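These notes are about the structure you will find just below.
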Amino acid sequence: MTILDGRKVSNDIKNEIAEEVKKMKALGEKVPHLAAIIVGNDGASLTYVASKVKACERVGFESTMVRMSNTTSEIELLDKIEELNKNPEIDGFIIQLPLPKQIDTQKVLMAVDPDKDVDGFHPMNFGKMALDMSTFIPATPFGILELLDRYNVETKGKHTVVIGRSHIVGRPMSILMGRKGFPGNSTVTITHSHTKNITQITSQADIIISALGVPNFLKAEMVKDDVVIIDVGITRVVDETSPKGYVITGDVDFENVSKKASFITPVPGGVGPMTIAMLLKNTLLARELRH
Ligand code: GUN
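Numbering (the numbering used here), first residue to last: 170 to 460.
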């Protein structure tokens, strides 16, 4: 069994990006600038955005965090997006999800300039991705592809089962794994809340990508020997004995499933760090497109 070490690979990627930034600085060029809008006070979202800002500092990017209150109206948010669209200093920006109820998420994501959409959530970029055109690939799916690539995990002809159909992970992942090329060329099954007898499906999978958000959902009895496991779950589970009062728990019963797996991502330290590294990569790409 091989651990797909997202912490190590993401560090490698950040070092590669930092080298690029050094070269830009040596040439007196503008360094990439990422902005993040966060609306409200959700603890997990604040932590993620703080990690994104810290990662920018680490590689030498400029970063701007825009905090807006929980009662922000859709119009106010759309105005802020327009401001970032027009700001020539900003190469790319993201709107941290989820957004408060009064805001229509899809409407907001469609207001982002597709050339600055480093999350790859704009329908134009999502469509390009589905058509194999070069574009911003959403950071979490992009990170999973990069892990499979760097560990040379065979995907061609394999049966990939994706659990969850979210716009951020499950849906794009199901498209990417079936694309021509590597990683890709898989036969993909996407499962969701209406799927019947999920064990019958997961037990036939060569690769399982779980983005469900239910701690320890995937048990050893649900998988076959030598399965490849990608665990995208990052649920905070209350734990009085830990310093923060909670532990981050994945979708997979790691202790038992890892005994049957050929490759597996840990939580934490698997997909999570890769997401941030690939957001930086997309920001680098956005800067290249603009200059
Ligand atoms: N919320 C959970 N994952 C993501 C992500 O990749 N991007 C944004 N903007 N929000 C998220």
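Glycine included, C-beta positions come from ideal geometry on N, C-alpha and C. Note that the coordinates shown come from a computational prediction; the quantities given were computed from them, not determined experimentally.
- In this structure, the alpha-carbon of residue 433 lies about 20 Å from that of residue 347.
- Not one heavy atom of the ligand GUN falls within 8 Å of the beta-carbon of residue 233.
- When the beta-carbon positions are compared, residue 398 and residue 421 come within less than 9 Å of each other.
- In its chain, beyond the 5 residues on either side, 202 have a beta carbon closer than 7 Å to the beta carbon of residue 258.
- Judged by DSSP in its simplified three-state form, residue 244 adopts helix.
- Residue 170 and residue 178 have their alpha carbons spaced roughly 17 Å apart.
- Taking residue 218 as the centre and dropping the five residues before and after it, the same chain places the C-beta of 205, 207, 234 and 265 closer than 8 Å to its C-beta, in chain order.
- Taking the C-beta atoms as reference points, residue 405 is found no nearer than 9 Å to residue 284.
- In this structure, residue 357 sits away from residue 400, with a CB-CB distance that is not shorter than 9 Å.
- Each of 361, 290 and 183 was checked against the Cα of residue 334, and the nearest Cα belongs to 361.
- The DSSP-derived three-state label of residue 320 is coil.
- DSSP links residue 208 through a beta bridge to 237.
- By the CB criterion at 9 Å, residue 252 and residue 277 fall outside the cutoff.
- With a threshold of 16 other beta carbon atoms within 10 Å, residue 424 falls short and is exposed.
- Between the ligand GUN and the CB of residue 214, the shortest heavy atom gap is smaller than 8 Å.
- Measuring C-alpha to C-alpha distances from residue 426 to each of 389, 249 and 254 identifies 389 as the nearest.
- Sequence-distant Cβ neighbours of residue 453 in its own chain, meaning closer than 7 Å and more than five residues away, are 186, 189 and 201.
- If you look at residue 359, you'll find it in the beta strand (DSSP E) that goes 356-360.
- A distance of 9 Å or more separates the beta carbons of residue 431 and residue 402.
- In the displayed model, residue 250 falls within a helix according to three-state DSSP.
- Residue 379 carries a strand assignment under DSSP once its states are collapsed to helix, strand and coil.
- Taken through DSSP and simplified to helix, strand or coil, residue 427 comes out as coil.
- At a cut-off of 8 Å, the beta-carbon of residue 364 does not count as near the ligand GUN: no heavy atom of the ligand is closer than that.
- Not one heavy atom of the ligand GUN lies closer than 8 Å to the C-beta of residue 449.
- Residue 262: member of the beta strand (DSSP E) spanning 261-264, first to last residue.
- With respect to the 9 Å criterion, residue 410 and residue 392 are not classified as neighbours on the basis of their beta carbons.
- Taking the Cβ of residue 290 as the reference point, at least one heavy atom of the ligand GUN falls within a distance shorter than 8 Å.
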